[in-house]
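All remarks here apply to the structure that follows.
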Amino acid sequence: MLRARSVVTLAAALALLVVSCSKPAPPADEAAAGPAAAGQQPPAASEAKTDEGLPHPCTLITRQDALDFYGEGGKIERNSVDSCDIQSPKLAGGSIEVKIEPLDVDTWDGGAMMKQFDKSVESLPSLAEGGYTYMNACVVFRKGKASVSVIATAYDGPKPKLEAAKLLAERVASRM
4 MLRARSVVTL
14 AAALALLVVS
24 CSKPAPPADE
34 AAAGPAAAGQ
44 QPPAASEAKT
54 DEGLPHPCTL
64 ITRQDALDFY
74 GEGGKIERNS
84 VDSCDIQSPK
94 LAGGSIEVKI
104 EPLDVDTWDG
114 GAMMKQFDKS
124 VESLPSLAEG
134 GYTYMNACVV
144 FRKGKASVSV
154 IATAYDGPKP
164 KLEAAKLLAE
174 RVASRM
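First residue of the sequence shown: 4, per the numbering used here; consecutive thereafter.
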């Protein structure tokens, strides 16, 4: 009986320690989007990076970006460890996805392979370390050891899809 009471006391003490050392949870919309969306200072470098040490896209997208692409009600949603969306305020509205992945710089071809499949591919040599468009709604560019994709195929805002993808790609590249 004494041993069981000691175990319960130890478990309660550990639970109290964990709770007291934890940060308070941010509101749901801020937690999903990250500090940049909430207008806060960016997180510490270790919190703002993916497992590969690359910046998480939600740390590079601002609340102003959401307003510029969708107006009032546009929001930023964290999708995964390497992608983030600017979403329409409409219930079944569209989005623009930004994805940052590690890149084997030896395989980067600046869109040469994509040009074989999509004749509308446009090179964007002034974007970061070179980039290109595809499907008339997407932009890919290289920044250091990162491949960044801005995918606007589901975008339903006021700008043309490709224009929106290029504009967001330029903003993200300038913040990396």
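Glycine is no exception: its CB is placed at the ideal position from the N, C-alpha and C atoms. Given the structure is predicted, the values throughout are model-derived calculations rather than measurements.
Beta-carbon separation (whole angstroms), residue i vs residue j, contact threshold 8 Å
{"i": "Glu-100", "j": "Ser-86", "result": "6 Å"}
{"i": "Met-116", "j": "Tyr-137", "result": "That belief does not hold up - the Cβ atoms of Met-116 and Tyr-137 are roughly 10 Å apart, past 8 Å."}
{"i": "Gly-77", "j": "Pro-92", "result": "6 Å"}
Residue i in three-state terms, based on DSSP
{"i": "Ala-47", "result": "A caution first: Ala-47 carries a pLDDT of 38, below 50, which makes its placement in the model unreliable, though a value can still be read off. Correct three-state label for Ala-47: coil."}
{"i": "Val-124", "result": "coil"}
{"i": "Val-175", "result": "helix"}
{"i": "Ala-168", "result": "helix"}
{"i": "Asp-109", "result": "helix"}
{"i": "Thr-65", "result": "coil"}
{"i": "Tyr-137", "result": "strand"}
{"i": "Pro-92", "result": "coil"}
{"i": "Ala-115", "result": "helix"}
{"i": "Pro-58", "result": "strand"}
Within 9 Å, strictly: CB atoms of residue i and residue j
{"i": "Ala-149", "j": "Ile-89", "result": "no"}
{"i": "Gly-74", "j": "Pro-161", "result": "yes"}
{"i": "Val-143", "j": "Ser-129", "result": "no"}
{"i": "Leu-171", "j": "Ala-140", "result": "no"}
Same chain, Cβ closer than 7 Å to residue i, neighbours up to 5 away in sequence not counted
{"i": "Gln-167", "result": "For clarity, residue 167 is Ala in the given sequence; the question names Gln instead. So the list reads Phe-72, Ile-99, Ala-155, Tyr-158 and Gly-160, once near-sequence residues are dropped."}
{"i": "Arg-178", "result": "Leu-63"}
Neighbourhood of residue i by C-beta distance below 8 Å, restricted to the same chain and skipping five residues each side
{"i": "Ser-126", "result": "Gly-113, Gly-114, Gly-133, Gly-134 and Tyr-135"}
{"i": "Glu-173", "result": "Leu-130"}
{"i": "Arg-145", "result": "Leu-106, Val-108, Trp-111, Gly-113, Ala-131, Glu-132, Gly-133, Gly-134 and Val-151"}
{"i": "Gly-96", "result": "Tyr-73, Gln-90 and Asp-159"}
6 Å CB neighbourhood of residue i in its chain, flanking five on each side removed
{"i": "Lys-169", "result": "Val-142"}
{"i": "Leu-57", "result": "Ile-103 and Ala-149"}
Item to complete: State whether the segment 70 to 81 contacts the segment 103 to 113, with contact taken as three or more CB pairs (one from each stretch) at a distance under 8 Å.
Response: With contact defined as three or more Cβ pairs closer than 8 Å, the segment 70 to 81 and the segment 103 to 113 are not in contact.
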